[in-house]
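Below: the structure, in structure tokens.
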Amino acid sequence: METMIRRIIITLVIFTAAIIIGSSCDDDSQKPPEVNTWIYPNEVGDWWVYQVADSLSSDIDTIRVRIEGRDTLNTGDSVTVWVLNDGDETDTNYLHIGYGFLTTDSGPVIRYDTVFVYLSKNPTSLSDIMIFPLRVGDFWGGVMAGDTVRVVEKKRIQTRAGDFDAYLVQTTRHQFENVIDSKKWVVHYLGMARWDFVWLSGTMQGHEGWELLNWLPEGAFSTP
52 METMIRRIII TLVIFTAAII IGSSCDDDSQ KPPEVNTWIY PNEVGDWWVY
102 QVADSLSSDI DTIRVRIEGR DTLNTGDSVT VWVLNDGDET DTNYLHIGYG
152 FLTTDSGPVI RYDTVFVYLS KNPTSLSDIM IFPLRVGDFW GGVMAGDTVR
202 VVEKKRIQTR AGDFDAYLVQ TTRHQFENVI DSKKWVVHYL GMARWDFVWL
252 SGTMQGHEGW ELLNWLPEGA FSTP
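The end of the sequence shown is residue 275 by the numbering used here, with every number in the run present.
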């Protein structure tokens, strides 16, 4: 049976490949571009530990995520190297911070702090995009018709690592008979605190959930 990380990577490859097309209903959408590379932790040496539960296998795993170094994509874009390890298997993701656009009634607004996640150095392996700073009401779409990514709300959540003021980033993706519903709770300056998603593929259905156990991003605030 595939390990937890492999199942997650395959799921993401199937369901994610986004372009930055979005909209915001916040009044401050016309502000100048915000340059704040700390808003999403991305420094070599940052690490996170998650408890991951899988409904198919009933396994509960511990996955360690660490930024191990820097590299470049085939396009020459700079990336940080994120290594995921569950004790049995290691996978590598590549994260690039660059320019993205939110589309508003007054036209596109440039955002520098747009996070692009790739599963390899090939730019076609793009697996996720988040446009920072997160604001309730912001949303952007994917390449598949009906794909939506929306910042739904901000509220205090509880995790084993502590309580945090987090944004709920909800993604619904459709591809043929496959559907995924993803709910990521993201904290500015800390990263992902919780991630729950349900996937459907034909007659198969599964649920996987990540919960933060511990972390050490450089410059992150102390646990409240």
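Cβ coordinates follow ideal geometry from the N, Cα and C atoms, glycine included.
- request: Please check if any C-beta of chain C sits within less than 8 Å of the C-beta of aspartate 189.
  value: Given the protein chain composition of this structure (a single chain), no chain C is represented.
field: Runs of beta strand (DSSP E) wholly within the region 169 to 204 (minimum 3 residues, chain order)
entry: 177 to 182, 190 to 193
query: If we ignore side chains and look at the alpha-carbon of each, how far apart do glycine 242 and glycine 138 end up?
result: 22 Å
message: Tell me the rounded alpha-carbon separation between serine 109 and valine 95.
response: 33 Å
- request: In the DSSP assignment, find the unbroken beta strand (DSSP E) run with threonine 131 in it and report its ends.
  value: 129 to 136
message: By the DSSP assignment, the beta strand (DSSP E) with glycine 242 in it spans what residues?
response: 242 to 252
task: On a CA-only basis, which of Gly120, Asp164, Pro174, Leu170 is nearest leucine 185? Give me that one, please.
output: Asp164
Same chain, Cβ closer than 8 Å to valine 238, neighbours up to 5 away in sequence not counted: Phe215, Asp216, Ala217, Tyr218, Ala244
query: Which residue comes first and which comes last in the beta strand (DSSP E) that contains valine 288?
result: Lying outside 52 to 275, the shown extent of the chain, residue 288 is not represented and no answer is given.
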